[in-house]
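For the sequence shown, the numbering used here assigns the number -12 to the initial residue and increments by one for each residue that follows. Heads up, the beta-carbon is just placed ideally off N, CA and C, and yes, glycines get one too.
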Amino acid sequence: MSDIASTPNPRQMSEEHFRFIADLAHKEAGLVFPESKAPLVRTRLNRRIRALKLPGYDAYCALLRSPEGARERRMMISSLTTNVSSFFREAHHFDLLRGEILPPLLEGARRGERLRLWSAGCSSGQEAYSIAMVLADLEPDYLQMDIRILASDIDLNVIETGRAGIYDAGQLANVPEEYRERYFQPAEDNGKEAVRIIEPLRRIVCFRELNLLHEWPMKRQFDVIFCRNVVIYFDAETQNSLWRKFEKYTAPGGWLILGHSERLSEDVAGKFVVAGPTAYRLSPTETA
Ligand SMILES: C[S@@+](CC[C@H](N)C(=O)[O-])C[C@H]1O[C@@H](n2cnc3c(N)ncnc32)[C@H](O)[C@@H]1O
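Now the structure itself:
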């Protein structure tokens, strides 16, 4: 393990420190860090150690172990998660949403039915707002209907960014021109020019902190669940238990959309029909 100090030194990350941190990240958030990721873990946590003005990893791990370390355990998970996201990422899923998934669901919403969508592992909200833009484009009267998009993530920092809905204008690259004009307004972010999602669209997206490994407080099922590029960081066992939970939380005839490198395990895949690349649909007669 060349990137980890093998001799005890409180200022360096030893094998023991790395193991403790990797085990904690797995226990708390399902994240898997093989030894090859030690340099990444060290780079990200060195920042935390500096911010906390601690002398090194001995003190940092002691803090993580202590009852007072609850906040830092969350900050550590936040530092170790990968939050890369973008508007209209994996654009084919939004074509499917527009062409196949939403039209019948919006028909129902117009008749007064409840429509619920979920961006699970939403990062800073780009996925949830991309869903919202497609929906608003198809149904400009969306505010008059019972429509909500839940956007959840384990990381409070990204949740706050999503809730504010303020982005660097450079992030608009994949946003269709007419959507840029309709759903964004000019804004300022720490003195820099930025863009902000318009208020009506922000109103239908509800951001919540939620660790997918913990109990889910939602009582009802979702018509559409996006959980893309989240479980790739989990081991197979954690993935499998999540697939089973997602199946329970998908309404009959509902949709589960995964990231391009993610696949449902066989036992759960049998319950769904494959409806496009990493897009799955539960049978309309399936009950939870
Ligand atoms: C790479 S981003 C994916 C964002 C978006 N879904 C997309 O595809 O663009 C992965 C997100 O999953 C979140 N995440 C990781 N572990 C999680 C957990 N145990 N519970 C909830 N969210 C988690 C991370 O905080 C991160 O924001």
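In angstroms, rounded to a whole number, what distance separates the CA positions of residue i and residue j?
i    : j    : result
L278 : C193 : Nothing about residue 278 can be read from this structure; the chain reaches only from -12 to 275.
K235 : D140 : 19 angstroms
C48  : S65  : 16 angstroms
L122 : G95  : 13 angstroms
R52  : L104 : 37 angstroms
R250 : L159 : 29 angstroms
T37  : L50  : Thr is not the amino acid found at residue 37; the sequence shown has Arg there. In a straight line, the C-alpha of R37 is about 14 angstroms away from that of L50.
L243 : R167 : 27 angstroms
L197 : W203 : 8 angstroms
Under the rule that 16 or more other beta-carbon atoms within 10 Å means buried, what is residue i, buried or exposed?
i    : result
T69  : exposed
H80  : buried
D10  : exposed
P42  : exposed
V260 : exposed
R207 : exposed
H4   : buried
R98  : exposed
Consult DSSP for residue i and reduce its assignment to one of helix, strand or coil.
i    : result
F221 : strand
V162 : coil
E126 : coil
I8   : helix
Q172 : strand
R101 : coil
M0   : coil
S139 : strand
Since residue i and residue j should fall inside the 8 angstroms C-beta cutoff, what is the C-beta to C-beta distance between them, to a whole number of angstroms?
i    : j    : result
A256 : D210 : Not confirmed; about 20 angstroms, so no contact.
R35  : M0   : Contact flag wrong, Cβ pair sits at about 12 angstroms.
L89  : V28  : Not confirmed; about 40 angstroms, so no contact.
Would you be able to state if there are at least three C-beta pairs under 8 angstroms between the stretch 175 to 183 and the stretch 151 to 163? yes
For the stretch 128 to 142 against the stretch 218 to 236, do three or more pairs of beta-carbon atoms, one drawn from each stretch, fall closer than 8 angstroms, so that the two count as touching? no
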